[in-house]
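Below is one structure, written out as structure tokens; comments come after it.
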Amino acid sequence: MKRFPVWSWLWVIIGAAYMFVPLYGTLDFSLRAKKGEITLLAYQRVFEDDAFFGSMKEVTEKDWNKAVEPPKHPEEVSWAERLERVTVTAGTFGETLAISNGTHTPTLTPTRC
Amino acid sequence: MSTITSSPAEKPRFHFSLDWLGLAPFFLFALLFIVLASSNIIVRSILDEEGNFTFANIQGLTDANIVDAYTTSIQISLITALMGGVLGFLVAYAIVIGGVPRWARTVIITFSSLTSQFGGVTLAFAFVATIGRTGFITAIFKDVFDLQIYRMGFNLYSVLGLSLTYLYFQFPLMVLIMAPALEGLKTEWREASENLGANQWQYWRHVAFPVLLPSLLGTMLLLFANAFGAQATAYALTGGTINLVTIVLSAQIRGDVLRNPGLGYSLALGMIVIMGVCIGGYTLLQRQSERWLKR
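Chains as they are written, first to last, in our numbering: chain A, 1 to 113; chain B, 114 to 408.
Pasting the structure below:
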């Protein structure tokens, strides 16, 4: 009888998990626009935002810089870190989108967690 | 009596095949975006802003900040090439000769093709959502195991965090390249070694591993070059907080404060040299591997 390839399955599972977990993390994050609720609100906001469809037509260098430009305050913080802080501070993915398309700028609290 | 007459050796006549026309777009692309672009970088790295010849830009590469940028880039590239290489090889081994069902292999190969091209802001965001301070894995560690990984010293916006993020596109590339190499291992070699009394370990130590070694090393060089040239993911994840060559380069060419295009071009020249060595090494090793696997 053929033996069950335990080690092979272990590496396949580790590899597959490394590929799928961050994708699931993104999905999970996108469904938590409201605190304590699983909702499609973030997607709704994206589709309601004219800038989203505008960006589908043409992403200019200016748009890109607006979205990922590091902040000007002395403590240099990455775009991703800002995004996370905004999420922690504001608690909604909508606020994050508002920053990324430059329509609204909530107060950032540049404190290291 | 018959005589054997030999016709004078005819020179092979040059015959232009129209098949070459199919390759014309490739050669045009290579000429414009590899040859001309590299030549432009080389020339501009030895010119100042007024167009005069100077070695100042090349000398600028010895600046402590630039040396640090190269060191960090090489460090991250080495870490991800080794980690990606080992994990990718083990996954490739598992799906090709490890005895897992065919469907698992198809799934892994398909997703490897996708994830090996994943990068930039999307990848940075995926890792923030997963192992950022509010990521769901961070939350699981905290809620289930009572482990606060950020208080224990882990930081996604560090060299380790960036390496873990790069690993996402590094190891699938290793899987894609190593899977055909592993398929090239002939069953006759295993049978022959078994007939000669070798066990599994001896077969791998003396037959399979030496045959695969050029492929392994070559692909790791490719992974090194892949990580060394990455910019968007690092910039999106860490901004300018990690001193990488690609980030310093873009700051020198496009920045407001550190603007020195000449130094930027010499940084690019340094990168071309390192990438050239890697790609050259990969090509040589791959050729060696193919020669053995075709026998």
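By construction, the Cβ of each residue, glycine as well, lies at the ideal position given by its N, Cα and C atoms.
Closer than 8 Å at the beta carbon, the chain A residues around B:I250
To locate residue 250 of chain B, count along the second sequence from 1; it is residue 137. Here the neighbours are V21 and G25.
| Does the beta-carbon of A:G91 have 16 or more other beta-carbons within 10 angstroms, so that it is buried, or is it exposed? | As a first step, residue 91 of chain A must be located in the first sequence, where it is residue number 91. The predicted position of A:G91 is uncertain, since its pLDDT is 36 and thus under 50; a value taken from the coordinates is nonetheless stated next. Around the C-beta of A:G91, fewer than 16 other C-beta atoms lie within 10 Å, and the residue is accordingly described as exposed.
Practice problem: Give a single yes or no on whether B:I244 has its beta carbon closer than 7 Å to a heavy atom of the ligand ATP. | Solution: The ligand ATP is absent from the structure shown, which contains no ligands of any kind.
Q: Pick helix, strand or coil for A:T107, following the three-state DSSP scheme.
A: Looking up residue 107 of chain A in the first sequence gives position 107. Low per-residue confidence applies at A:T107: pLDDT is 38, beneath 50, and the placement is therefore not dependable, though the value from the model is reported in the following sentence. Correct three-state label for A:T107: coil.
Next on the checklist: Determine, for A:D49, whether the minimum Cβ-Cβ distance to residues of chain B falls below 8 Å.
Outcome noted: One-based indexing of the first sequence puts residue 49 of chain A at position 49. At a cut-off of 8 Å, the C-beta of A:D49 has no neighbouring C-beta in chain B.
Handout entry: CB contact flag (B:L336, B:L286, <8 Å)
Key = Along the second sequence, one-based indexing puts residue 336 of chain B at 223. Along the second sequence, one-based indexing puts residue 286 of chain B at 173. Yes, these two residues count as a Cβ contact at 8 Å.
Within the stretch 294–369 of chain B, note down every full alpha helix (DSSP H) run reaching 4 residues or more, in order along the chain.
Counting whole runs of 4 or more residues, the stretch 294–369 of chain B contains the alpha helix (DSSP H) stretches 300–308, 313–316, 322–341, 345–351 and 358–367.
Under the rule that 16 or more other beta-carbon atoms within 10 Å means buried, what is B:V204, buried or exposed?
-> Residue mapping note: residue 204 of chain B aligns to position 91 of the second sequence, counting from 1. Burial call: buried.
| task | Report buried or exposed for B:M384, applying the criterion of at least 16 other Cβ atoms within 10 angstroms of its Cβ. | result | In the second sequence, the residue the question calls residue 384 of chain B occupies position 271. With 16 or more other Cβ atoms from the protein chains shown falling within 10 Å of its own Cβ, B:M384 counts as buried.
Requested in this report: Identify whether B:I168 lies in helix, strand or coil by the three-state DSSP scheme.
Outcome: As a position in the second sequence, residue 168 of chain B is number 55, starting the count at 1. Before going on, a small fix: residue 168 of chain B reads as Phe here, not Ile. Collapsing the DSSP output to three states places B:F168 in coil.
Check: Taking Cβ positions only, does A:Y43 come closer than 8 Å to chain B?
Finding: For the purposes of this step, residue 43 of chain A is identified with residue 43 of the first sequence, where counting begins at 1. Not an interface residue.
Would you mind reading off the limits of the alpha helix (DSSP H) that contains B:M196? Position 83 of the second sequence, counted from the start, is the residue given in the question as residue 196 of chain B. Per DSSP, B:M196 is one residue of the alpha helix (DSSP H) stretching across A177 to V209.
Where does B:L131 fall in DSSP's three states? Your numbering for residue 131 of chain B matches position 18 in the second sequence. B:L131: coil per DSSP, three-state reduction.
- [ ] Measure from the alpha carbon of B:F168 to the alpha carbon of each residue in B:A292, B:L380 and B:G393, then state which is nearest.
- [x] Within the second sequence, numbered from 1, the residue matching residue 168 of chain B stands at position 55. Closest by alpha carbon: B:L380.
Check your understanding: Would a check of beta-carbon distances place A:V12 closer than 8 Å to chain B?
Key -> Counting from 1 along the first sequence, the entry for residue 12 of chain A is found at position 12. When Cβ-Cβ separations below 8 Å define contact, A:V12 makes contact with chain B.
Can you find the residues in the same chain that come closer than 6 Å, C-beta to C-beta, to A:Y43, ignoring five residues on each side of it along the sequence?
Translated into the one-based positions of the first sequence, residue 43 of chain A becomes position 43. If we look at A:Y43 and ignore the five residues flanking it on each side, it has no Cβ neighbours.
Exercise for review: Give the residues of chain B in contact with A:F29, contact being defined as C-beta atoms less than 7 Å apart.
Suggested key: Residue mapping note: residue 29 of chain A aligns to position 29 of the first sequence, counting from 1. Neighbours of A:F29 on chain B, chain order: A242.
Discussion item. Along the chain, where does the alpha helix (DSSP H) containing A:A16 start, and where does it finish?
Written reply: As a position in the first sequence, residue 16 of chain A is number 16, starting the count at 1. Residues V6 to S30.
May I ask you to list the residues that DSSP assigns as paired with B:L160? The sequence position of residue 160 of chain B within the second sequence is 47, counting from 1. Answer is B:F166, bridged to B:L160.
Using the Cβ count rule (16 or more neighbours within 10 Å means buried), how would you classify B:R246?
Walking along the second sequence from the start, residue 246 of chain B turns up at place 133. Buried, by the Cβ-count rule.
Practice item. Have a look at A:P74 and B:V180 and give me their C-alpha separation to the nearest angstrom. Key: In the first sequence, the residue the question calls residue 74 of chain A occupies position 74. In the second sequence, the residue the question calls residue 180 of chain B occupies position 67. Only weak support exists for where A:P74 lies, its pLDDT of 48 falling under 50; the value from the coordinates is given anyway. Each residue's alpha carbon lies about 24 Å from the other.
Problem set entry | Residue burial classification, B:Q399 (beta-carbon count within 10 angstroms, cutoff 16) | By one-based count along the second sequence, residue 399 of chain B stands at place 286. Under this definition B:Q399 is a buried residue.
Return no unless some Cβ of chain B is closer than 8 Å to the Cβ of A:A16. For the purposes of this step, residue 16 of chain A is taken as the residue at position 16 of the first sequence. Chain B, which has a Cβ nearer than 8 Å to the Cβ of A:A16, makes this yes.
Check your understanding: First and last residue of the alpha helix (DSSP H) that includes B:G233?
Key -> Position 120 of the second sequence holds residue 233 of chain B. B:G233 -> alpha helix (DSSP H) spans G233 to I244.
Specify, as a first and last residue, the run of the alpha helix (DSSP H) that B:Q230 falls within.
-> Against the second sequence, residue 230 of chain B aligns to sequence position 117. No alpha helix (DSSP H) holds B:Q230; DSSP gives it neither H nor E.
*Alpha carbon to alpha carbon, what distance is there between B:A237 and B:G352?*
Taking the second sequence and counting its residues from 1, one reaches residue 352 of chain B at position 239. Taking the second sequence and counting its residues from 1, one reaches residue 237 of chain B at position 124. Near 11 Å, if we compare the C-alpha coordinates of B:A237 and B:G352.
Between the Cα of B:I192 and the Cα atoms of B:A150, B:D161 and B:F284, which residue gives the shortest distance?
In the second sequence, residue 192 of chain B corresponds to position 79, counting from 1. The option with the nearest alpha carbon to B:I192 is B:F284.
Next on the checklist: When you compare the CB of B:P203 with every CB in chain A, is at least one pair closer than 8 Å?
Outcome noted: Taking the first residue of the second sequence as 1, we reach residue 203 of chain B at position 90. At residue 203 of chain B the sequence reads Leu, which differs from the Pro that was named. For B:L203, the nearest CB of chain A lies under 8 Å from its own CB, placing it at the interface with that chain.
Margin query: For B:A217, would you say it is in contact with chain A, using Cβ-to-Cβ distances shorter than 8 Å as the test?
Written below: Taking the second sequence and counting its residues from 1, one reaches residue 217 of chain B at position 104. Taking Cβ atoms only, chain A reaches closer than 8 Å to B:A217, which makes this a yes.
Quiz prompt | Same chain only: Cβ atoms within 8 Å of B:Q230, ignoring 5 sequence neighbours per side | solution = Position 117 of the second sequence, counted from the start, is the residue given in the question as residue 230 of chain B. Around B:Q230: F282.
task: Assign B:Y279 to one of three DSSP states: helix, strand, or coil.
output: Reading the second sequence from its first residue, position 166 is the one you call residue 279 of chain B. Helix.
**Asked** CB B:I244 to CB B:L269, shorter than 8 Å?
**Response** Walking along the second sequence from the start, residue 244 of chain B turns up at place 131. Walking along the second sequence from the start, residue 269 of chain B turns up at place 156. Cβ atoms of B:I244 and B:L269: closer than 8 Å.
Checklist entry - Exposed or buried, which one is B:N339 when buried takes at least 16 other CB atoms within 10 Å? => result Locating residue 339 of chain B in the second sequence gives position 226, where the first residue counts as 1. Counting Cβ neighbours within 10 Å, B:N339 comes out buried, since at least 16 surround it.
For B:Q365 and B:N373, the rounded distance between their alpha carbons:
Translated into positions along the second sequence, residue 373 of chain B becomes position 260. Translated into positions along the second sequence, residue 365 of chain B becomes position 252. For B:N373 and B:Q365, the distance between alpha carbons rounds to 5 Å.
- Query: In chain A, which residues lie less than 8 Å from B:T228 when you measure between Cβ atoms?
  - Reply: Your numbering for residue 228 of chain B matches position 115 in the second sequence. Contact note: B:T228 reaches chain A through M19, using a C-beta cutoff of 8 Å and chain order.
Quick one: which chain A residues come within Cβ less than 7 Å of B:I221? Against the second sequence, residue 221 of chain B aligns to sequence position 108. For B:I221, the chain A residues whose C-beta falls within less than 7 Å of its own C-beta are V12, G15 and A16, listed in chain order.
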